[in-house]
Amino acid sequence: MNRRRVLDAACLVALAALALMTWQLFDPRVWPVIIAMSVGQLLGTASLVAYVSVVIADYRAGLRPR
Amino acid sequence: MTFPTAPLAILALGLAALSAAILVSFLALRPPLVRLTKIWLLLGFGVFPIAAAFAGNVQGFEATKERQFCGSCHVMSLHRDDSDNPASNSLAARHARNPMFGSENCYVCHADYGMFGTVVTKAGGLRHVWLYLTEYRSVPVEAAKATIHLREPEKMNDNCMQCHSTKDSLWLAVPDHRAPLEAERAGRLSCASEGCHGFAHPFFRAPPTDARPL
Numbered sequence: 014m015n016r017r018r019v020l021d022a023a024c025l026v027a028l029a030a031l032a033l034m035t036w037q038l039f040d041p042r043v044w045p046v047i048i049a050m051s052v053g054q055l056l057g058t059a060s061l062v063a064y065v066s067v068v069i070a071d072y073r074a075g076l077r078p079r
Numbered sequence: 015m016t017f018p019t020a021p022l023a024i025l026a027l028g029l030a031a032l033s034a035a036i037l038v039s040f041l042a043l044r045p046p047l048v049r050l051t052k053i054w055l056l057l058g059f060g061v062f063p064i065a066a067a068f069a070g071n072v073q074g075f076e077a078t079k080e081r082q083f084c085g086s087c088h089v090m091s092l093h094r095d096d097s098d099n100p101a102s103n104s105l106a107a108r109h110a111r112n113p114m115f116g117s118e119n120c121y122v123c124h125a126d127y128g129m130f131g132t133v134v135t136k137a138g139g140l141r142h143v144w145l146y147l148t149e150y151r152s153v154p155v156e157a158a159k160a161t162i163h164l165r166e167p168e169k170m171n172d173n174c175m176q177c178h179s180t181k182d183s184l185w186l187a188v189p190d191h192r193a194p195l196e197a198e199r200a201g202r203l204s205c206a207s208e209g210c211h212g213f214a215h216p217f218f219r220a221p222p223t224d225a226r227p228l
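Top to bottom, those sequences are chains A and B.
For the first sequence, the residue numbers in my numbering are 14 to 79.
For the second sequence, the residue numbers in my numbering are 15 to 228.
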């Protein structure tokens with residue numbers, strides 16, 4: 014998959030994660046807090062993993078003999 | 015929904031805003047994927063969101079101590095309303111008017127204390143969430159109040175004794191305190207029972223035999 018597209022998707026996932034994680038600050042009830050600490054952080058972690066995988070792939074591509 | 019004023023919440027919001035600004039800029043400007051872009055993205059994907067999550071989690075855990083949080087499940091709304099009521103003379107409401115308890119009166123009276131008290135209390139809270147999802151979500155308040163009762167009522171006196179040590183001379187001078195002292199300290203006789211200080215919540219009576227512990 015194109016690295017740029019992976020990063021674009023990761024950005025959107027990360028923005029969704031940030032929205033979920035900050036929702037609990039405005040509405041500190043049971044479901045917002047639980048969703049922030051579970052789904053929000055899961056999405057955030059997934060986007061970070063996608064970013065790291067792109068950086069590693071980019072680095073490895075740079076090491077290959079041309 | 016209110017705008018948060020706690021310092022940690024504002025910090026979390028600021029960090030999340032910085033992260034969002036970097037990510038949106040990347041999507042909008044589409045810069046080449048060079049080293050500088052990757053460093054900015056590391057801030058946007060990693061550093062700022064992790065810091066925001068950490069600050070948000072601490073703020074979230076603090077929020078779980080608030081009465082507003084406990085009362086956000088409908089089966090707890092009677093308890094919340096009673097504590098919110100300045101005219102109520104229930105034990106819960108009177109404690110809520112004490113600044114030592116205040117808006118955290120549910121947590122202060124029901125939390126487990128001791129070395130792992132916070133963890134045990136939070137784990138117990140997750141059991142509440144599970145029971146709510148699986149059993150109480152559609153149960154009317156009137157039906158719920160007839161079945162919900164304390165899971166470990168014998169431990170409740172321990173929480174009362176966090177403040178009322180049972181060792182003060184004025185407290186011991188009360189004959190009704192002194193006579194059943196061992197039973198009180200062991201939790202066999204509840205401070206919040208009929209004939210003593212009454213039920214903590216006015217609409218609660220002794221649990222029925224088929225009551226479900228929560």
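Note that beta-carbon positions come from the ideal geometry of N, C-alpha and C, so glycine has one too.
Which residues of the segment 120 to 151 of chain B have a Cβ closer than 7 Å to any Cβ of chain A? Give them in chain order. Along the segment 120 to 151 of chain B, the positions whose C-beta sits under 7 Å from a C-beta of chain A are V143, read in chain order.
Any contact of the segment 84 to 97 of chain B with the segment 133 to 153 of chain B, i.e. 3+ C-beta pairs under 8 Å? The segment 84 to 97 of chain B is in contact with the segment 133 to 153 of chain B.
Might you give, ordered along the chain, the residues of its own chain that have their beta carbon closer than 7 Å to the beta carbon of A158 of chain B, omitting 5 neighbours on each side? To locate residue 158 of chain B, count along the second sequence from 1; it is residue 144. The beta carbon of A158 of chain B is closer than 7 Å to those of V89, Y150 in its chain, skipping five residues each way along the sequence.
Starting from G229 of chain B, find everything on chain A with Cβ-Cβ shorter than 8 Å and list it in chain order. Any answer about residue 229 of chain B is impossible in this case: the structure gives chain B only from 15 up to 228.
Just the chain A side, please: which residues come within less than 9 Å of E118 of chain B by C-beta, in chain order? Counted from its first residue, the second sequence places residue 118 of chain B at position 104. At a beta-carbon threshold of 9 Å, none of the residues of chain A lie near E118 of chain B; the nearest stands roughly 13 Å away.
Element boundaries [alpha helix (DSSP H), containing D40 of chain A]: Sequence index remark: in the first sequence, residue 40 of chain A carries index 27 (1-based). Element bounds for D40 of chain A: n/a, residue is neither H nor E.
Jot down the residue ranges of each uninterrupted alpha helix (DSSP H) in the segment 98 to 160 of chain B, minimum 4 residues, whole runs only, in chain order. Whole alpha helix (DSSP H) segments, 4+ residues: 105 to 110, 119 to 124, 131 to 145.
When the cut-off is 8 Å and only beta carbons count, does V68 of chain A lie next to chain B? Start at 1 with the first residue of the first sequence, and residue 68 of chain A comes out as number 55. Taking Cβ atoms only, chain B reaches closer than 8 Å to V68 of chain A, which makes this a yes.
Nearest-angstrom Cα distance between W54 of chain B and T19 of chain B? For the purposes of this step, residue 54 of chain B is taken as residue 40 along the second sequence, with counting starting at 1. For the purposes of this step, residue 19 of chain B is taken as residue 5 along the second sequence, with counting starting at 1. Each residue's alpha carbon lies about 29 Å from the other.
Please name the residues in the segment 56 to 67 of chain A whose beta-carbon is closer than 7 Å to at least one beta-carbon of chain B, in chain order. Legend: CB atoms of the segment 56 to 67 of chain A lying less than 7 Å from CB atoms of chain B belong to residues G57, S60, L61, Y64.
Any C-beta of chain A under 8 Å from that of L228 of chain B: Indexing the second sequence from 1 puts residue 228 of chain B at position 214. Any answer about L228 of chain B is weak, because its pLDDT of 49 lies below 50 and its placement is not dependable; what the coordinates show is given next. Taking Cβ atoms only, chain A never reaches closer than 8 Å to L228 of chain B, which makes this a no.
Alpha carbon of A137 of chain B to alpha carbon of P45 of chain A, nearest angstrom: Locating residue 137 of chain B in the second sequence gives position 123, counting from the first residue. Locating residue 45 of chain A in the first sequence gives position 32, counting from the first residue. One C-alpha to the other measures close to 18 Å.
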